[in-house]
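**Student:** Sharing a structure, written as structure tokens. Questions coming.
2 protein chains.
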Amino acid sequence: MAHSTNRRWLLASRPRGMATVANFRLQEEPVRAPQSGEVLCRTVYLSVDPYMRGRMNEGRSYADPAKLDSVMVGGTVSQVIESQSSSFKPGDFVLGYFGWQEYGVSAANHLTKLDLPADLLPAALGALGMPGLTAWYGLLEIGKPEAGQTVVVSGGAGAVGSVVGQIAKIRGCRVLGIAGSDRKTDWLTGSLGFDHASNYKSAADLSTEIGSSCPDGVDIYFDNVGGAVTEAVLPHLNTFGRIVVCGQISGYNLVQPLPATSILPLLLTRRATARGFIVGDHSEFFPRALADLRGWVENGSLKHEETIVEGLENAPTAFLGLFDGSNIGKQLVKVSNPE
Amino acid sequence: MAHSTNRRWLLASRPRGMATVANFRLQEEPVRAPQSGEVLCRTVYLSVDPYMRGRMNEGRSYADPAKLDSVMVGGTVSQVIESQSSSFKPGDFVLGYFGWQEYGVSAANHLTKLDLPADLLPAALGALGMPGLTAWYGLLEIGKPEAGQTVVVSGGAGAVGSVVGQIAKIRGCRVLGIAGSDRKTDWLTGSLGFDHASNYKSAADLSTEIGSSCPDGVDIYFDNVGGAVTEAVLPHLNTFGRIVVCGQISGYNLVQPLPATSILPLLLTRRATARGFIVGDHSEFFPRALADLRGWVENGSLKHEETIVEGLENAPTAFLGLFDGSNIGKQLVKVSNPE
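As given, the protein sequences belong to chains A and B, one line each in that order.
The first sequence maps to residues 1 to 339 in our numbering.
The second sequence maps to residues 340 to 678 in our numbering.
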């Protein structure tokens with residue numbers, strides 16, 4: 001076999017507080033040959049996502065914790081190198097869950113063949129993948145937007161948030177995105193068609209700024225970040241408002257949660273709903289959602305953007321960059337060139 | 340006319356922090372004669388409810404604030420004295436919204452004739468009235484209990500909570516009620532059939548006690564109180580749990596909310612929902628809910644209890660007692676004897 005060595009990142013230690021590069025260890029191992037029904041793949045793109053921070057902890061988040069000295073989990077676009085399954089042939093592109101490594105062997109039935117042009121392969125981990133599905137389900141099935149309503153999305157320039165705002169525009173809503181740099185807010189209003197964007201790091205008074213952008217109040221708050229940004233949004237929530245709880249990235253590296261204002265009195269007086277979700281619980285919606293997302297990308301109403309770091313060796317840096325907002329759109333690691 | 344003088348309680352001043360008797364003023368005025376289409380009624384039972392505290396504030400809660408120097412609002416069971424409407428005749432009992440006063444004139448179409456035996460008239464403001472409807476809607480339509488699931492209700496011995504727990508038992512759930520005295524917890528388990536009851540004032544560690552009573556976690560938390568009690572319950576919430584936000588009485592007299600732990604991370608990791616509601620938004624359910632409630636009362640599976648204070652002059656004291664937990668079941672003021 002031509003590719004005898006696999007490099008992979010293991011979880012070396014559990015962080016206390018902010019995760020660092022030292023929590024990961026790069027290791028080499030021989031590539032194993034696929035058995036009957038299995039497929040050997042090479043990773044082309046690796047997705048790094050905020051949820052992985054939860055997996056690094058000992059306690060249960062939504063999923064069991066990642067195991068120490070095991071390969072870090074993660075979604076990938078991979079290319080088939082060797083197949084012992086009639087479902088795949090060498091050269092096929094697949095969506096898999098190979099994790100932070102160059103090669104992997106998987107049962108064929110855990111892989112999905114990708115029928116996408118080469119320029120859309122990265123989007124299979126972004127607007128046309130899990131983040132896009134997350135935006136679709138959270139906004140449409142939990143948020144239930146109606147034309148003319150106001151949608152605010154935090155983490156607005158991220159992989160999920162940037163899709164949320166664009167779907168909200170497609171549905172005829174007024175959209176405010178909140179992000180952490182002028183480059184991001186310019187992108188949201190200049191390229192993605194958001195009506196307003198606020199830079200929470202430079203705003204003199206974020207809550208006042210939100211009030212000015214949303215004179216009719218906020219019907220849907222799609223929350224990716226939590227913390228102070230969320231506290232600035234919530235007073236503007238309308239009666240019968242919906243809080244879609246998709247992420248709380250501002251708190252993922254905290255040892256102790258910060259004191260907050262309870263939202264229960266607000267939910268009561270506004271007769272509002274807050275609902276947390278993870279998209280994997282709702283796979284019955286995926287075919288419809290993917291058809292919508294693909295159609296919007298093809299007709300130009302949904303723009304997708306990926307921030308791509310080169311080289312598996314940079315996976316920890318790319319991952320940690322999510323927590324200081326380095327990425328615009330989906331953060332990926334390019335692990336190899338497709339053949 | 341035999342009854343020429345009406346005594347009534349006005350809102351004299353807005354409280355800052357804990358409401359006191361000094362916020363109310365007793366006034367006399369002549370009784371006005373009903374015009375065509377109107378009915379003159381005498382109050383038999385006046386309902387005092389926690390929501391009235393919100394109306395005493397200047398700011399908007401769910402409804403507009405009560406007006407200074409106007410009669411305090413409130414639901415009543417009243418008896419018709421004089422009718423200028425073909426819909427009612429003297430002696431009829433009606434459900435109205437006459438407020439804290441002995442007599443009132445109302446348009447006939449704002450009144451509902453009560454078809455109840457005399458011993459159930461107080462229940463028309465409790466288990467067979469707004470609190471019962473609130474329990475029914477919140478538990479069944481928001482909580483969506485399934486047999487075998489665990490329901491925790493705070494304010495468990497109150498007008499709403501005591502009905503919530505009993506409906507949950509009817510639906511085959513395990514029920515823990517939280518209340519503030521041993522007399523209440525004994526009533527919940529001894530008379531109402533709750534599986535467990537915790538006295539939050541005397542518990543050594545309320546959260547540990549809840550964990551022991553709910554070994555399978557909490558599927559539905561019906562919250563009437565908020566604050567520290569709620570913080571003790573929430574860590575036990577199960578995946579896909581539902582928080583029914585019905586009241587937050589622990590905070591109604593606070594000038595500033597106490598610092599809390601944000602529930603958004605919990606909603607996310609547990610994929611849980613928190614929803615606030617007021618029952619008046621859901622009147623389409625009332626006929627079905629009232630039929631259920633009446634059926635359960637008549638077949639003995641739903642017990643109703645009222646704490647009744649005599650005399651309109653004691654209305655402020657009865658109302659303020661809600662905030663130190665004086666009442667078991669529904670708190671009423673008996674304003675007059677039916678004729």
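Backbone N, C-alpha and C fix where the C-beta goes; we use that ideal spot for every residue, glycine too.
Is the region 192-200 of chain A close to the region 119-127 of chain A, with three or more CB pairs under 8 Å?
**Tutor:** The region 192-200 of chain A is not in contact with the region 119-127 of chain A.
**Student:** Using the C-alpha atoms, what's the distance from residue 84(A) back to residue 262(A)?
**Tutor:** Translated into positions along the first sequence, residue 262(A) becomes position 262. Translated into positions along the first sequence, residue 84(A) becomes position 84. So the two alpha carbons sit approximately 55 Å from each other.
**Student:** Count the other CB atoms within 10 Å of the CB of residue 552(B); is the residue buried (16 or more) or exposed (fewer)?
**Tutor:** As a working mapping, residue 552(B) is identified with position 213 in the second sequence. Counting Cβ neighbours within 10 Å, residue 552(B) comes out buried, since at least 16 surround it.
**Student:** Once you ignore the five residues that flank residue 539(B) on each side, which residues in its own chain have a CB closer than 7 Å to its CB?
**Tutor:** As a position in the second sequence, residue 539(B) is number 200, starting the count at 1. Answer for residue 539(B): 517, 519, 545, 568, listed in chain order.
**Student:** Rank 496(B), 387(B), 380(B), 479(B) by C-alpha distance to the C-alpha of residue 618(B) and give the top, closest one.
**Tutor:** The residue labelled residue 618(B) in the question sits at position 279 within the second sequence. Comparing Cα positions, the closest option is 479(B).
**Student:** Please give the ranges of any beta strand (DSSP E) in the region 128-169 of chain A, keeping only runs that are unbroken, at least 3 residues long and fully inside the region.
**Tutor:** For the region 128-169 of chain A, whole beta strand (DSSP E) runs of length 3 or above, ordered along the chain, are 150-154.
**Student:** Do you know whose CA, among 563(B), 572(B), 541(B), lies nearest residue 554(B)'s CA?
**Tutor:** Stepping through the second sequence from its first residue, residue 554(B) is reached at position 215. Of 563(B), 572(B), 541(B), the residue nearest in Cα terms is 572(B).
**Student:** Measuring alpha carbon to alpha carbon, tell me which residue in 494(B), 660(B), 414(B) is nearest residue 524(B).
**Tutor:** Taking the first residue of the second sequence as 1, we reach residue 524(B) at position 185. Closest option to residue 524(B), Cα to Cα, is 494(B).
**Student:** Let's test the definition: count the other Cβ atoms within 10 Å of the Cβ of residue 109(A) and tell me whether it reaches 16, buried, or not, exposed.
**Tutor:** To locate residue 109(A), count along the first sequence from 1; it is residue 109. Counting Cβ neighbours within 10 Å, residue 109(A) comes out exposed, since fewer than 16 surround it.
**Student:** Let me know if residue 673(B) comes out buried or exposed under the rule of 16 or more other beta-carbons within 10 Å of its beta-carbon.
**Tutor:** For the purposes of this step, residue 673(B) is identified with residue 334 of the second sequence, where counting begins at 1. With 16 or more other Cβ atoms within 10 Å, it is buried.
**Student:** Secondary structure at residue 597(B), three-state DSSP: helix, strand or coil?
**Tutor:** Against the second sequence, residue 597(B) aligns to sequence position 258. Coil.
**Student:** Would you decide whether residue 355(B) is buried or exposed? Buried here means 16 or more other CB atoms lie within 10 Å of its CB.
**Tutor:** By one-based count along the second sequence, residue 355(B) stands at place 16. Exposed, since its Cβ has fewer than 16 Cβ neighbours within 10 Å.
**Student:** So is residue 50(A) in contact with chain B if we call contact Cβ pairs under 8 Å?
**Tutor:** Counted from its first residue, the first sequence places residue 50(A) at position 50. No, because no Cβ of chain B sits closer than 8 Å to the Cβ of residue 50(A).
**Student:** Alpha carbon to alpha carbon, what distance is there between residue 326(A) and residue 249(A)?
**Tutor:** The residue given as residue 249(A) occupies position 249 in the first sequence. The residue given as residue 326(A) occupies position 326 in the first sequence. Computed Cα separation, rounded: 14 Å.
**Student:** Short of 6 Å in beta carbon distance, which residues of its chain neighbour residue 438(B), apart from the five on each side in sequence? Order them along the chain.
**Tutor:** By 1-based counting over the second sequence, the position of residue 438(B) is 99. Excluding positions up to five away in sequence, the list reads 410, 411, 412, 413.
**Student:** Please tell me whether residue 526(B) and residue 496(B) are closer than 8 Å, where the distance is taken between their beta carbons.
**Tutor:** Within the second sequence, numbered from 1, the residue matching residue 526(B) stands at position 187. Within the second sequence, numbered from 1, the residue matching residue 496(B) stands at position 157. Yes; because the gap between Cβ atoms is below 8 Å, this pair is in contact.
**Student:** Is the shortest distance between the beta-carbon of residue 533(B) and the beta-carbons of chain A less than 8 Å?
**Tutor:** One-based indexing of the second sequence puts residue 533(B) at position 194. Output row for residue 533(B): interface = no.
**Student:** For residue 558(B), which residues from the same chain have a beta carbon less than 6 Å from its beta carbon, with the 5 sequence-adjacent residues on both sides left out?
**Tutor:** Mapped onto the second sequence, residue 558(B) falls at position 219. Only 488, 489, 577, 580 meet the Cβ criterion.
**Student:** Name, going along the chain, the residues of the region 625-638 of chain B whose beta-carbon falls closer than 8 Å to a beta-carbon of chain A.
**Tutor:** So the list is empty, because no residue satisfies the distance condition.
**Student:** Indicate whether at least one CB of chain B lies closer than 8 Å to the CB of residue 53(A).
**Tutor:** Locating residue 53(A) in the first sequence gives position 53, where the first residue counts as 1. So no, residue 53(A) is outside the interface.
**Student:** Identify whether residue 237(A) lies in helix, strand or coil by the three-state DSSP scheme.
**Tutor:** By one-based count along the first sequence, residue 237(A) stands at place 237. Of the three classes helix, strand and coil, the one that applies to residue 237(A) here is strand, per DSSP.
**Student:** Using beta carbons (cut-off 8 Å, strictly below), is residue 1(A) in contact with chain B?
**Tutor:** The residue you call residue 1(A) lines up with position 1 of the first sequence. Because the pLDDT at residue 1(A) is just 48, under 50, the model does not fix this residue reliably, and the value given afterwards should be weighed accordingly. For residue 1(A), the answer is no, since every Cβ of chain B falls outside 8 Å of its Cβ.
**Student:** For the region 160-171 of chain A and the region 297-312 of chain A, state whether three or more C-beta atom pairs, one from each stretch, are separated by less than 8 Å.
**Tutor:** Counting Cβ pairs under 8 Å, three or more are found: they touch.
**Student:** Taking the continuous beta strand (DSSP E) assigned at residue 537(B), which residues delimit it?
**Tutor:** Along the second sequence, one-based indexing puts residue 537(B) at 198. Unbroken beta strand (DSSP E) run through residue 537(B): 535-538.
**Student:** Is the region 415-433 of chain B close to the region 374-393 of chain B, with three or more CB pairs under 8 Å?
**Tutor:** They touch, by the three-pair rule.
**Student:** Which residues does DSSP pair with residue 348(B) in a beta bridge?
**Tutor:** Residue 348(B) sits at position 9 when you count from the first residue of the second sequence. Paired residue(s): 365(B).
**Student:** Nearest-angstrom Cα distance between residue 270(A) and residue 309(A)?
**Tutor:** Locating residue 270(A) in the first sequence gives position 270, counting from the first residue. Locating residue 309(A) in the first sequence gives position 309, counting from the first residue. Using only the alpha carbons, I get a separation of about 44 Å.
**Student:** By alpha-carbon positions, which one of 612(B), 346(B), 492(B) ends up nearest to residue 138(A)?
**Tutor:** Counting from 1 along the first sequence, the entry for residue 138(A) is found at position 138. Ranking the options by Cα distance to residue 138(A), first place goes to 612(B).
**Student:** Nearest chain B C-beta to residue 152(A) closer than 8 Å, yes or no?
**Tutor:** Mapped onto the first sequence, residue 152(A) falls at position 152. Residue 152(A) does not count as touching chain B.
**Student:** Hey, could you find the ends of the alpha helix (DSSP H) residue 219(A) is sitting in?
**Tutor:** Counting from one through the first sequence, the residue named residue 219(A) turns up at place 219. Taken as a continuous stretch (DSSP letters only), residue 219(A) belongs to no alpha helix (DSSP H), being part of the beta strand (DSSP E) at 218-223.
**Student:** Within 8 Å of any Cβ in chain A, is that where the Cβ of residue 520(B) sits?
**Tutor:** Start at 1 with the first residue of the second sequence, and residue 520(B) comes out as number 181. Output row for residue 520(B): interface = no.
**Student:** So, does the CB of residue 277(A) fall closer than 8 Å to a CB anywhere in chain B?
**Tutor:** Sequence index remark: in the first sequence, residue 277(A) carries index 277 (1-based). By this cut-off, residue 277(A) is an interface position.
**Student:** Determine the burial state of residue 691(B): buried for a count of at least 16 other Cβ atoms within 10 Å of its Cβ, exposed for fewer.
**Tutor:** Because chain B in this structure spans residues 340 to 678, residue 691(B) falls outside the shown range and cannot be described.
**Student:** Who are the neighbours of residue 612(B) on chain A, taking C-beta pairs under 8 Å?
**Tutor:** Working through the second sequence from its first residue, we reach residue 612(B) at position 273. Simply 273, 274, 275, 276.
**Student:** Are the beta-carbon atoms of residue 243(A) and residue 223(A) separated by less than 8 Å?
**Tutor:** For the purposes of this step, residue 243(A) is taken as the residue at position 243 of the first sequence. For the purposes of this step, residue 223(A) is taken as the residue at position 223 of the first sequence. Yes. Within cutoff.
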